[in-house]
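Residue numbers for the sequence shown follow full-length UniProt numbering, beginning at 1 and rising by one.
Contents: one structure, followed by commentary.
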Amino acid sequence: MLEYSIFYFKEMAMILGLTGGIGSGKSTVSKIFLSMGIKVFDADLIAKDILETEQVKEEIKEKLGKEFINLKSNSVDKELLKKEVFNNSKKLNILNGIVHPRVVDIYKKKYLEFKDKKEIVIFDVPLLFEVNLERYCDKVIVVDIDLKVQIERIKNRDNIDVALINKIIAAQMSREERNIKADILIENNGSLEELKQKIEKIIKDIERGKI
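Printed below as a string of structure tokens:
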């Protein structure tokens with residue numbers, strides 16, 4: 001177990017971007033940082049909240065169709081929406097145009113809030129480079145995984161077919177391009193314990209001024 005406390009991290013100032021392809025283990029890395037007392041701002045959670053605002057639901061009905069809103073619960077049918085947009089690039093672009101600017105605005109506010117604080121914070125964003133949020137990060141961590149392992153993990157986790165998995169992967173930045181842009185690259189093909197050790201080393205390197 002990592003032996004760090006929240007008080008230790010308050011003496012260190014850095015905004016770390018965290019990204020990686022679907023199924024890379026980025027969320028696991030995020031949870032490890034959280035367990036160490038580090039603040040994490042998760043774009044997936046932010047986007048889910050945004051999807052449930054009345055203004056966004058109205059835009060989805062108007063631009064994508066009312067079938068994506070569950071009439072009983074008055075909430076977005078996320079599974080139906082996901083299947084639809086990853087089978088239709090035009091609709092994916094429309095959805096991104098609705099959600100992404102709002103997500104970016106929230107991160108801009110978080111940047112202004114934390115840029116001068118003596119604290120490490122994590123901006124956990126799957127499409128960090130695609131929406132240019134890396135400009136608000138001191139360094140960017142990319143979690144990488146072999147394609148075969150990636151597909152197997154997504155199948156087991158989400159219970160979706162390989163065809164849809166490949167479409168989701170294709171809609172994201174390529175693995176090669178994402179890795180080139182990384183300041184810190186974490187290869188996540190091994191065990192959870194190995195992953196924890198890699199994160200511990202990153203924190204130690206920050207402490208020593210190596211990052």
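Note that the Cβ used here is the ideal one computed from N, Cα and C, for glycine as well.
So what's residue 75 in DSSP terms, helix, strand or just coil?
To locate residue 75, count along the sequence shown from 1; it is residue 75. Correct three-state label for residue 75: strand.
Using a 10 Å radius around the Cβ and a threshold of 16 neighbouring Cβ atoms, would you call residue 146 buried or exposed?
Numbered from its first residue, the sequence shown carries residue 146 at position 146. Result: exposed.
Where residue 83 and residue 164 are concerned, what is the direct C-alpha to C-alpha distance, given to the nearest angstrom?
To locate residue 83, count along the sequence shown from 1; it is residue 83. To locate residue 164, count along the sequence shown from 1; it is residue 164. One C-alpha to the other measures close to 8 angstroms.
Look at residue 44 and residue 124 and say whether their C-beta atoms are less than 9 angstroms apart.
The residue labelled residue 44 in the question sits at position 44 within the sequence shown. The residue labelled residue 124 in the question sits at position 124 within the sequence shown. Cβ distance < 9 angstroms, so residue 44 and residue 124 count as in contact.
Quick check on the burial criterion: 16 or more other C-beta atoms within 10 angstroms. Buried or exposed for residue 114?
Taking the sequence shown and counting its residues from 1, one reaches residue 114 at position 114. Per the 10 Å Cβ criterion, buried.
Measuring straight from C-alpha to C-alpha, what distance separates residue 108 and residue 136?
Indexing the sequence shown from 1 puts residue 108 at position 108. Indexing the sequence shown from 1 puts residue 136 at position 136. One C-alpha to the other measures close to 7 angstroms.
For the 8 angstroms Cβ check, are there 3 or more pairs between the region 63–81 and the region 139–159?
No, the region 63–81 is not in contact with the region 139–159.
CB-CB under 6 angstroms to residue 199, same chain, minus the five flanking residues each way: which ones, in chain order?
Here residue 199 corresponds to residue number 199 of the sequence shown, with the count starting at 1. Counting only Cβ-Cβ distances below 6 angstroms, and skipping sequence neighbours, we find 32.
Roughly how many angstroms lie between the CA atoms of residue 178 and residue 20, to the nearest whole one?
Along the sequence shown, read from residue 1 onward, the residue named residue 178 stands at position 178. Along the sequence shown, read from residue 1 onward, the residue named residue 20 stands at position 20. Near 8 angstroms, if we compare the C-alpha coordinates of residue 20 and residue 178.
Where does residue 139 sit, in a helix, a strand or coil, going by DSSP?
Numbered from its first residue, the sequence shown carries residue 139 at position 139. Three-state DSSP puts residue 139 in a strand.
In the region 80–137, which residue ranges form an unbroken beta strand (DSSP E) of at least 3 residues, counting only runs that do not cross its ends?
DSSP runs (the beta strand (DSSP E)) wholly in the region 80–137: 120–124.
Roughly how far, in whole angstroms, is the beta-carbon of residue 18 from the beta-carbon of residue 30, given that I think they are within contact range, below 8 angstroms?
As a first step, residue 18 is located in the sequence shown; it is residue number 18 there, counting from the start. As a first step, residue 30 is located in the sequence shown; it is residue number 30 there, counting from the start. That belief holds up - the Cβ atoms of residue 18 and residue 30 are roughly 6 angstroms apart, short of 8 angstroms.
Would you say residue 130 reaches chain C, if we count a Cβ-Cβ gap shorter than 9 angstroms as a contact?
In summary, chain C is missing from the structure at hand, where a single protein chain is found.
Quick one: grab the DSSP three-state call for residue 52.
The sequence position of residue 52 within the sequence shown is 52, counting from 1. Residue 52 falls in the coil class under three-state DSSP.
Just how far apart, CA to CA, sit residue 239 and residue 140?
Limits of the chain in this structure are 1 at one end and 211 at the other, which puts residue 239 out of reach.
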